[in-house]
Amino acid sequence: MTSRSGSGTATGSGVAGQDPAWKHCTLVEGNKNGTICNYCGLLIKSGGITRFKFHLSYIDPHSNAKKCPRVPPEICILMSEMLIELQFEPPKLHNGINNNMKHLWETSVKQVSRHVLVMHRGR
7 MTSRSGSGTA TGSGVAGQDP AWKHCTLVEG NKNGTICNYC GLLIKSGGIT RFKFHLSYID
67 PHSNAKKCPR VPPEICILMS EMLIELQFEP PKLHNGINNN MKHLWETSVK QVSRHVLVMH
127 RGR
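Numbering-wise, the sequence shown is residues 7 to 129 according to my numbering.
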């Protein structure tokens, strides 16, 4: 098995591990999408780091990731926050093709922000 020590890369795997969640799992050698939980030892054969975050955060939109029984509460909260932030990231641009999508995303975020502000003021 290839071990991750929070250095940001997995030795010999070619997988870039910039995500802070890698500090909480071990990469399965020969399987770039496989992880082993450092808390409960669960082997997750597919889904990569995102599915591993589902395991630690108890947030799983597909309801197919087993919840970690031993994750510390602060790590569970951190992983939840990371998944929520991921939902609000703008789309990545590929040679300018997604400029229209970026504009739509920015407009949507502004509308949601205004809606939340109005709801907050209405309390």
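Built from N, CA and C at the ideal position, the CB exists for glycine as well. Computed from a predicted structure; not experimentally measured.
First through last residue of the beta strand (DSSP E) which encompasses residue i
i	result
residue 65	Premise fails: residue 65 is in no beta strand (DSSP E) and is neither H nor E.
residue 31	31 to 33
residue 43	41 to 43
Inter-residue Cα distance where the pair is residue i and residue j
i	j	result
residue 84	residue 38	23 Å
residue 53	residue 70	11 Å
residue 41	residue 94	25 Å
residue 63	residue 30	12 Å
residue 65	residue 78	15 Å
residue 73	residue 61	5 Å
residue 76	residue 51	19 Å
residue 36	residue 86	28 Å
residue 32	residue 26	12 Å
residue 80	residue 59	13 Å
residue 88	residue 34	22 Å
residue 45	residue 82	12 Å
Three-state secondary structure (DSSP) of residue i
i	result
residue 82	helix
residue 89	helix
residue 59	helix
residue 26	helix
Sheet register partners of residue i (DSSP bridge)
i	result
residue 50	41
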